[in-house]
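Please read the structure below before turning to the comments.
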Amino acid sequence: MLKISILAAVFLGFFFVEDFTSYTQNIPNSNEKIEMIAIKGGKFMIGSPESEALRRPDEGPQKEIEISSFWMSKYETTWDTYLIFQNKELETEKNLKVDAIARPTKPYVEMSFGQGKNGGFPVCNVTQYAARAYCKWLYQTTGVFYRLPTEAEWEYAARAGSNTPYYFGNNPKEIGDYAWYFENSNGAYKVVGGKKPNAWGLYDMYGNVSEWTSDFYEENYYSKISAKDPNNQMFELYPHAIKGGHWDDDADMLRSAARRPSTPRLKQRDPQIPRSKWWLTDAPFLGFRIVRPVSVPSQKEIDAYFALPPVDE
């Protein structure tokens, strides 16, 4: 039965490629859905010019990059959909048979830290592996390959054709219309979609929770980046590139070019040995959104993308 559903989804995927439009991905065995925005490929300058105010050294040198078309989720991934992945008991049909799905272990503390879960709040405190495993769950249940965005895809989508520090222009005083950040968040994230979207209809690309990308972080990455669909897929625990800024950041970290690395400090208070491969203890500001590439990778590449992480001692 699963093979039939996957074949149907793959067929449907070809339809979408030919008719490249935004669509809604219903999550089987639940009442949840994910809105996916069609992002037409093109060229852009990754990073920031040396003249940009509050620019950091790891944002350059700028380079023109060509990005292939892809779909990106309209909103950050919410607890509502993540908890169905985490907890099989939330599925509407308890006896659905699919290939063994690795699900997150029960967290040792309440991982939203009281910020809110049900009703559209963004998921947080999940590891890079947990975000990829969520994508694998979607792949197994829908037959459609989803993954985290590359750093270049993320910045291309955030800029939405702009070349200014922010996708709305140069003035950081306007950021409160588009983002939850230190000045207006009251110390917590908010329900997704509460601020204005960028020109391509993507919400909360700045602020609320910062977002994982698939890429390994290197400070001088842009000096070696390829000019076509770059990715930096070395499979290590740290550091991965994080984009977008979050609810406790100042406006400078919400600029399109701003980036930061993940570090072991995100699990600083993890009581387990080895540390959890699923949960962070010190990142109530870090979540993710997903993309679907037009060009589907090989099964070998997909399996490698979803592989178990190294042990975190």
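The opening position of the sequence shown corresponds to residue 1215 in our numbering, with each subsequent residue numbered one higher.
Every residue gets a Cβ at the ideal spot worked out from N, C-alpha and C, and that includes glycine.
Given that a residue counts as buried once 16 or more other Cβ atoms are within 10 Å of its Cβ, and exposed if not, what is residue i?
{"i": "residue 1522", "result": "exposed"}
{"i": "residue 1481", "result": "buried"}
{"i": "residue 1361", "result": "buried"}
{"i": "residue 1489", "result": "buried"}
{"i": "residue 1448", "result": "exposed"}
{"i": "residue 1409", "result": "buried"}
{"i": "residue 1438", "result": "exposed"}
{"i": "residue 1485", "result": "exposed"}
{"i": "residue 1404", "result": "buried"}
{"i": "residue 1264", "result": "exposed"}
{"i": "residue 1336", "result": "buried"}
{"i": "residue 1517", "result": "exposed"}
{"i": "residue 1355", "result": "buried"}
{"i": "residue 1217", "result": "Interpretation of residue 1217 is limited by its pLDDT of 37, a score under 50 that renders its predicted location unreliable; the figure taken from the coordinates is listed afterwards. Label assigned to residue 1217: exposed."}
{"i": "residue 1483", "result": "exposed"}
{"i": "residue 1427", "result": "buried"}
{"i": "residue 1256", "result": "exposed"}
Of all the options the options, which has the alpha carbon lying nearest to the alpha carbon of residue i?
{"i": "residue 1429", "options": "1236, 1300 and 1364", "result": "1364"}
{"i": "residue 1325", "options": "1348, 1296 and 1315", "result": "1296"}
{"i": "residue 1274", "options": "1452, 1396, 1454 and 1262", "result": "1262"}
{"i": "residue 1281", "options": "1292, 1299, 1254 and 1302", "result": "1254"}
{"i": "residue 1475", "options": "1335, 1483 and 1457", "result": "1457"}
{"i": "residue 1593", "options": "1514, 1526, 1461 and 1249", "result": "Because the chain in this structure spans residues 1215 to 1527, residue 1593 falls outside the shown range and cannot be described."}
{"i": "residue 1284", "options": "1520, 1257 and 1505", "result": "1505"}
{"i": "residue 1319", "options": "1340, 1252, 1515 and 1256", "result": "1340"}
Cβ atoms of residue j and residue i: under 8 Å apart, would you say?
{"i": "residue 1501", "j": "residue 1425", "result": "yes"}
{"i": "residue 1386", "j": "residue 1450", "result": "no"}
{"i": "residue 1432", "j": "residue 1446", "result": "yes"}
{"i": "residue 1338", "j": "residue 1234", "result": "no"}
{"i": "residue 1294", "j": "residue 1332", "result": "yes"}
{"i": "residue 1465", "j": "residue 1417", "result": "no"}
{"i": "residue 1377", "j": "residue 1259", "result": "yes"}
{"i": "residue 1279", "j": "residue 1444", "result": "yes"}
{"i": "residue 1473", "j": "residue 1455", "result": "yes"}
{"i": "residue 1459", "j": "residue 1288", "result": "no"}
{"i": "residue 1503", "j": "residue 1250", "result": "no"}
{"i": "residue 1519", "j": "residue 1277", "result": "no"}
{"i": "residue 1291", "j": "residue 1348", "result": "yes"}
State the Cα-Cα distance for the pair residue i and residue j, rounded to the nearest angstrom.
{"i": "residue 1406", "j": "residue 1247", "result": "14 Å"}
{"i": "residue 1368", "j": "residue 1471", "result": "10 Å"}
{"i": "residue 1397", "j": "residue 1391", "result": "12 Å"}
{"i": "residue 1412", "j": "residue 1382", "result": "7 Å"}
{"i": "residue 1213", "j": "residue 1268", "result": "Residue 1213 lies beyond the stretch modelled for the chain, which goes from 1215 to 1527, so this question has no answer here."}
{"i": "residue 1497", "j": "residue 1467", "result": "16 Å"}
{"i": "residue 1342", "j": "residue 1487", "result": "18 Å"}
{"i": "residue 1330", "j": "residue 1322", "result": "17 Å"}
{"i": "residue 1384", "j": "residue 1478", "result": "34 Å"}
{"i": "residue 1380", "j": "residue 1389", "result": "8 Å"}
{"i": "residue 1209", "j": "residue 1373", "result": "Nothing can be reported for residue 1209, as the shown portion of the chain is limited to 1215 through 1527."}
{"i": "residue 1371", "j": "residue 1344", "result": "23 Å"}
{"i": "residue 1244", "j": "residue 1266", "result": "46 Å"}
{"i": "residue 1491", "j": "residue 1346", "result": "11 Å"}
{"i": "residue 1512", "j": "residue 1350", "result": "14 Å"}
Worksheet item: At what residue ranges does the region 1442-1513 contain a whole run of the beta strand (DSSP E), taking only runs of 3 or more?
Response: 1454-1457, 1473-1475 and 1505-1507
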